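A.B. asks: Residue numbers (the numbering used here), protein chains in the order written: chain A, 10 to 276; chain B, 10 to 276. No residue lacks a Cβ here, since even glycine has one placed at the ideal position from N, Cα and C. As the structure is a computational prediction, the values presented were derived from the model and not from experiment.
Number of protein chains: 2
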Amino acid sequence: MDRRKRGAVVVSLAQTKSSVVQLRTGSLHGGLLEALRELINHGDLSPGARVPERELCARFSISRTPLREALKVLAAEGLIQLLPNRGARVATLDDSHLTELFEVIGILEAEAGRLACARMSDAAIAEVQALHYRMYAHFLREELPEYFALNQAIHQAILDGSANTVLIATYRNLAGRIVRARYMSNRLRPDRWKAAIDEHELILEALVRRDADRLASILSRHLANKRDIIMEHIHEELRGRMEKTKSRQQRMSHAETPPAVAEPAAE
Amino acid sequence: MDRRKRGAVVVSLAQTKSSVVQLRTGSLHGGLLEALRELINHGDLSPGARVPERELCARFSISRTPLREALKVLAAEGLIQLLPNRGARVATLDDSHLTELFEVIGILEAEAGRLACARMSDAAIAEVQALHYRMYAHFLREELPEYFALNQAIHQAILDGSANTVLIATYRNLAGRIVRARYMSNRLRPDRWKAAIDEHELILEALVRRDADRLASILSRHLANKRDIIMEHIHEELRGRMEKTKSRQQRMSHAETPPAVAEPAAE
DNA sequence: TATATCAAAAATGGATGCAAAATTCATGCG
DNA sequence: CGCATGAATTTTGCATCCATTTTTGATATA
Numbered sequence: 010m011d012r013r014k015r016g017a018v019v020v021s022l023a024q025t026k027s028s029v030v031q032l033r034t035g036s037l038h039g040g041l042l043e044a045l046r047e048l049i050n051h052g053d054l055s056p057g058a059r060v061p062e063r064e065l066c067a068r069f070s071i072s073r074t075p076l077r078e079a080l081k082v083l084a085a086e087g088l089i090q091l092l093p094n095r096g097a098r099v100a101t102l103d104d105s106h107l108t109e110l111f112e113v114i115g116i117l118e119a120e121a122g123r124l125a126c127a128r129m130s131d132a133a134i135a136e137v138q139a140l141h142y143r144m145y146a147h148f149l150r151e152e153l154p155e156y157f158a159l160n161q162a163i164h165q166a167i168l169d170g171s172a173n174t175v176l177i178a179t180y181r182n183l184a185g186r187i188v189r190a191r192y193m194s195n196r197l198r199p200d201r202w203k204a205a206i207d208e209h210e211l212i213l214e215a216l217v218r219r220d221a222d223r224l225a226s227i228l229s230r231h232l233a234n235k236r237d238i239i240m241e242h243i244h245e246e247l248r249g250r251m252e253k254t255k256s257r258q259q260r261m262s263h264a265e266t267p268p269a270v271a272e273p274a275a276e
Numbered sequence: 010m011d012r013r014k015r016g017a018v019v020v021s022l023a024q025t026k027s028s029v030v031q032l033r034t035g036s037l038h039g040g041l042l043e044a045l046r047e048l049i050n051h052g053d054l055s056p057g058a059r060v061p062e063r064e065l066c067a068r069f070s071i072s073r074t075p076l077r078e079a080l081k082v083l084a085a086e087g088l089i090q091l092l093p094n095r096g097a098r099v100a101t102l103d104d105s106h107l108t109e110l111f112e113v114i115g116i117l118e119a120e121a122g123r124l125a126c127a128r129m130s131d132a133a134i135a136e137v138q139a140l141h142y143r144m145y146a147h148f149l150r151e152e153l154p155e156y157f158a159l160n161q162a163i164h165q166a167i168l169d170g171s172a173n174t175v176l177i178a179t180y181r182n183l184a185g186r187i188v189r190a191r192y193m194s195n196r197l198r199p200d201r202w203k204a205a206i207d208e209h210e211l212i213l214e215a216l217v218r219r220d221a222d223r224l225a226s227i228l229s230r231h232l233a234n235k236r237d238i239i240m241e242h243i244h245e246e247l248r249g250r251m252e253k254t255k256s257r258q259q260r261m262s263h264a265e266t267p268p269a270v271a272e273p274a275a276e
């Protein structure tokens, strides 16, 4: 393979799924970060699992240097954990950690809402309303993926409405750590779904009335509900997993891929 | 120089000041990060200035690999800016950015206070009170450095009282970006100083009464005041700098060290 | 069969090497 | 004197190399 060439690098990060990702270069680094985040969030790298440096190098056709730079950044972001002389592992999210993350994310979203009430233009609010109606339509047709996409767009629009880039970036960073957990509970019981829609109804109403306190409190509760749903899912999954593990065997020595999402984590 | 040896590395980062820093190793990386942050916050690396990779390598007696890893992390933290193929520069803080940072930091501190009211033990609150009295004593004796140290300790204690490690870490990250700006305005006009003390009085009172709303609002205002002081200082300094620059010469071509703290920053 | 021991293999942290890009600097032209 | 041009130098980004550490695996021992 030709060694020196800073051109575009086409990388197949397919193993389970056959997605092909174009690493934008110049700063190979940036694209690499995105790709790694994708791998983690998409579940190709399970929580607690060792990050296979050499293998990833091969997969991305890059040397260890840029990969290790990226890993250091991900570690700083909290997505992976770096153990001295023992490499990187994907960060696990135990219950308390998840709770803390949701708490802070909730704070930021609520305050973003407060700021949005004061700072968004009428036109911008109208756009959010439009998103809301479109989302509602997808709900009626039970089109889950489209629903989720618009749901997220609405939250993002409110966040952007805070007009505080630091707030937005901080939120993104924290939210990035729970993407995987959210991903898992992308199935909704109909009653939960309806409840979420109702909450969104209230959110829109508060935003339109520019009632900052009310919007903040609704957003906060809305997220708390989402958190409960997610945790419920995790616990269900954990229980299921435990039963399976038990029935299959009493113990396995060193699980290379431990309990998947929640883990005691001797931190 | 001996090449391979992972033992402790003693590094003299003295140039202007003769501070000697011990880089704890094993993960050379961590200590390096600290040292670099110190360099930036302490002002040895002015905002906007190029980060002299090779020179820092020499100064720390390390190769470029770990240094560059550290730079990537600092960039992710927002302390420096990485320009593709053009190296790193120390991040500049323009007015709006500083305002945004203070806004988010204020949010976090206020909410931390709210949580602290609910979660701190009576004993922990008593300790904060003790810190407060000690701080007050230093104020009376006009011992500025000791005053600042205890001031910070009190804010940290309240933050810790939130019992949310994510919140604490997020706060630390954001606060880390304005350390330098705070550093500059470590001179206080007596009236400001007294006002700050009064606010701290109120903070303690609210905390002791576990009045979450009140504590949150006071903390928020307290920080806003600090922000105003800092910005005032920056603007004064900027004005002074401009006059000097003007009187000295009409223009200089490419300032290697631009306006120091505030800069238009074509971001 | 379970555990201790130790050598082989692999992974990690860091140093060094090299091509491409950027910067500097000298020179030429208007 | 200002500005364009381009070669020499420096810097950057990444690949590769190597010592140390960790992990693995085989063998011996209880």
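(1) Just tell me which of A:LEU168, A:ASN195 and A:ARG123 has its CA closest to the CA of A:GLU152.
(2) Can you find the residues in the same chain that come closer than 8 Å, C-beta to C-beta, to B:HIS231, ignoring five residues on each side of it along the sequence?
(3) Between which two residues does the alpha helix (DSSP H) harbouring B:ILE163 extend?
(4) Use the C-beta contact count for B:ARG248: other C-beta atoms within 10 angstroms, 16 or more gives buried, fewer gives exposed.
(5) If we count the other Cβ atoms within 10 Å of its Cβ and call it buried at 16 or more, is A:SER171 buried or exposed?
(6) Just the C-alpha distance for B:GLN165 and B:LEU197, rounded to the nearest angstrom, thanks.
(7) Which whole-angstrom value is the C-beta distance of B:VAL60 and B:ARG98, which I expect to be below 8 Å?
(8) Counting only the same chain and skipping the five closest in sequence on each side, list residues whose C-beta sits under 6 Å from that of A:ILE177.
(9) For chain A, check one thing: does any of its Cβ atoms lie closer than 7 Å to the Cβ of B:VAL82?
(10) Do B:ALA85 and A:ALA84 have their C-beta atoms closer together than 7 Å?
(11) Helix, strand or coil for B:VAL113, going by three-state DSSP, please let me know.
(12) Taking 7 Å as the threshold (beta carbon to beta carbon), is B:GLU47 in contact with chain A?
(13) Quick one: grab the DSSP three-state call for A:ILE89.
(14) Can you tell me the Cα-Cα spacing of B:ALA100 and B:ILE187, whole angstroms?
(15) Does the Cβ of B:ASP53 lie closer than 6 Å to at least one heavy atom of the ligand NAP?
(16) Residues in its own chain within less than 7 Å of A:VAL82 by CB, not counting five upstream and five downstream?
(17) Tell me whether A:VAL99 sits in a helix, a strand or coil according to DSSP, three-state version.
(18) Of all the residues that make up the segment 57–78 of chain B, which are near chain A by a beta-carbon distance shorter than 8 Å?
(19) Would you identify the three-state DSSP class for A:ARG59, choosing helix, strand or coil?
(20) Taking 7 Å as the threshold (beta carbon to beta carbon), is B:GLU118 in contact with chain A?
(21) Check whether the segment 213–224 of chain B touches the segment 106–117 of chain B, counting contact only when three or more Cβ pairs, one atom from each stretch, lie closer than 8 Å.
(22) Apart from the five residues just before and just after A:TYR180, which ones in its own chain have a Cβ nearer than 8 Å to its Cβ?
(23) Pick from A:PHE111, A:TYR192 and A:LEU228: whose alpha carbon is nearest that of A:GLY154?
(24) Would you grab the beta carbon distance between A:ASN182 and A:LEU124 for me? Rounded to a whole angstrom, and I think it's under 8 Å.
(25) If we define contact as Cβ-Cβ less than 7 Å, is A:GLU112 a contact residue for chain B?
(26) Distance check for B:ALA190 and B:LEU103, CA to CA, integer angstroms please.
(27) One question on the structure: do B:ILE163 and B:LEU216 come within less than 7 Å of each other, judged by their Cβ atoms?
(28) For the alpha helix (DSSP H) holding B:ASP200, just list the boundary residues, first then last.
(29) Counting only beta-carbon atoms, is A:LEU228 nearer than 7 Å to chain B?
(30) Among A:GLY57, A:LYS235, A:GLU246 and A:GLU136, which one has its Cα closest to the Cα of A:LEU91?
(31) Output, in sequence order along the chain, the residues in the segment 144–165 of chain B whose CB is closer than 9 Å to any CB in chain A.
(32) In three-state DSSP terms, what is A:ILE71?
(33) For B:ARG150, count the other beta carbons within 10 Å of its own beta carbon; 16 or more makes it buried, fewer makes it exposed. Which is it?
(34) In whole angstroms, give me the CA-to-CA distance for A:PRO199 and A:ASP131.
(35) When you check each C-beta in the segment 171–182 of chain A against every C-beta of chain B, which residues fall closer than 7 Å?
(36) Thinking just about the alpha-carbon of each residue, which of A:GLY39, A:HIS51, A:ILE89 and A:ASN50 is nearest to the one in A:GLU62?
C.D. replies: The short version:
(1) On the first sequence, residue 152 of chain A is found 143 positions in, with the first residue counted as 1. The residue with the shortest Cα to Cα distance from A:GLU152 is A:ASN195.
(2) Numbered from its first residue, the second sequence carries residue 231 of chain B at position 222. Excluding sequence neighbours, B:HIS231 sits near ALA205, GLU208, HIS209 and ILE212.
(3) Numbered from its first residue, the second sequence carries residue 163 of chain B at position 154. 153–170 is the extent of the alpha helix (DSSP H) around B:ILE163.
(4) Counting from one through the second sequence, the residue named residue 248 of chain B turns up at place 239. Label assigned to B:ARG248: exposed.
(5) Along the first sequence, one-based indexing puts residue 171 of chain A at 162. Buried, since its Cβ has 16 or more Cβ neighbours within 10 Å.
(6) Sequence index remark: in the second sequence, residue 165 of chain B carries index 156 (1-based). Sequence index remark: in the second sequence, residue 197 of chain B carries index 188 (1-based). Rounded to whole angstroms, B:GLN165 to B:LEU197 spans 21 Å at the Cα level.
(7) One-based indexing of the second sequence puts residue 60 of chain B at position 51. One-based indexing of the second sequence puts residue 98 of chain B at position 89. Contact holds; Cβ gap of about 6 Å.
(8) Against the first sequence, residue 177 of chain A aligns to sequence position 168. Spatial neighbours of A:ILE177 in its own chain (CB-CB distance under 6 Å, excluding positions within 5 residues in sequence) are listed in chain order as LEU168.
(9) Residue mapping note: residue 82 of chain B aligns to position 73 of the second sequence, counting from 1. Yes - at least one Cβ of chain A is within 7 Å of the one on B:VAL82.
(10) Reading the second sequence from its first residue, position 76 is the one you call residue 85 of chain B. Reading the first sequence from its first residue, position 75 is the one you call residue 84 of chain A. Cβ atoms of B:ALA85 and A:ALA84: not closer than 7 Å.
(11) To locate residue 113 of chain B, count along the second sequence from 1; it is residue 104. In this structure, B:VAL113 counts as helix in the three-state DSSP scheme.
(12) As a position in the second sequence, residue 47 of chain B is number 38, starting the count at 1. No, its Cβ sits nowhere closer than 7 Å to a Cβ of chain A.
(13) Position 80 of the first sequence, counted from the start, is the residue given in the question as residue 89 of chain A. Strand, per DSSP.
(14) Taking the first residue of the second sequence as position 1, residue 100 of chain B is located at position 91. Taking the first residue of the second sequence as position 1, residue 187 of chain B is located at position 178. Answer to the nearest angstrom: the Cα atoms are 11 Å apart.
(15) In terms of ligand content, the structure shown is empty, and the ligand NAP therefore cannot be addressed.
(16) By 1-based counting over the first sequence, the position of residue 82 of chain A is 73. Excluding its 5 nearest sequence neighbours in each direction, A:VAL82 has C-beta neighbours in its own chain below 7 Å: LEU42, listed in chain order.
(17) Taking the first residue of the first sequence as 1, we reach residue 99 of chain A at position 90. Here A:VAL99 sits in strand by DSSP.
(18) Cβ contacts with chain A: THR74, ARG77 and GLU78.
(19) Position 50 of the first sequence holds residue 59 of chain A. If DSSP states are grouped into helix, strand and coil, A:ARG59 belongs with the strands.
(20) As a position in the second sequence, residue 118 of chain B is number 109, starting the count at 1. Output row for B:GLU118: interface = no.
(21) no
(22) As a position in the first sequence, residue 180 of chain A is number 171, starting the count at 1. The answer, listed in chain order, is ILE114, LEU117, GLU118, ALA121 and LEU168.
(23) On the first sequence, residue 154 of chain A is found 145 positions in, with the first residue counted as 1. Residue identity differs from the one stated: residue 154 of chain A is Pro in this sequence, not Gly. Selected option, being the one with the closest Cα: A:TYR192.
(24) Here residue 182 of chain A is taken as the residue at index 173 of the first sequence, counted from 1. Here residue 124 of chain A is taken as the residue at index 115 of the first sequence, counted from 1. 18 Å between Cβ atoms; not a contact.
(25) Counting from one through the first sequence, the residue named residue 112 of chain A turns up at place 103. Chain B contact via Cβ: present.
(26) Here residue 103 of chain B is taken as the residue at index 94 of the second sequence, counted from 1. Here residue 190 of chain B is taken as the residue at index 181 of the second sequence, counted from 1. Checking the sequence, you will find Asp at residue 103 of chain B rather than Leu. Approximately 11 Å between the Cα atoms of the pair.
(27) Working through the second sequence from its first residue, we reach residue 163 of chain B at position 154. Working through the second sequence from its first residue, we reach residue 216 of chain B at position 207. Against a cut-off of 7 Å, the Cβ pair of B:LEU216 and B:ILE163 comes out as no contact.
(28) As a working note, residue 200 of chain B is residue 191 in the second sequence. Where B:ASP200 is concerned, the enclosing alpha helix (DSSP H) stretches over 199–217.
(29) The residue you call residue 228 of chain A lines up with position 219 of the first sequence. Not closer than 7 Å to any Cβ of chain B, the Cβ of A:LEU228 fails to qualify, so no.
(30) By one-based count along the first sequence, residue 91 of chain A stands at place 82. Measuring from the Cα of A:LEU91, the nearest candidate turns out to be A:GLY57.
(31) none
(32) As a position in the first sequence, residue 71 of chain A is number 62, starting the count at 1. It is coil, neither helix nor strand.
(33) Within the second sequence, residue 150 of chain B is the residue found at index 141, counting from 1. B:ARG150 is exposed by the Cβ-count criterion.
(34) On the first sequence, position 190 is the one that residue 199 of chain A refers to. On the first sequence, position 122 is the one that residue 131 of chain A refers to. So the alpha carbons of these two residues sit roughly 33 Å apart.
(35) Listed by position, the residues of the segment 171–182 of chain A near chain B (Cβ gap below 7 Å) are ASN173, THR174, VAL175, LEU176 and THR179.
(36) Here residue 62 of chain A is taken as the residue at index 53 of the first sequence, counted from 1. Considering only alpha carbons, the answer is A:ILE89.
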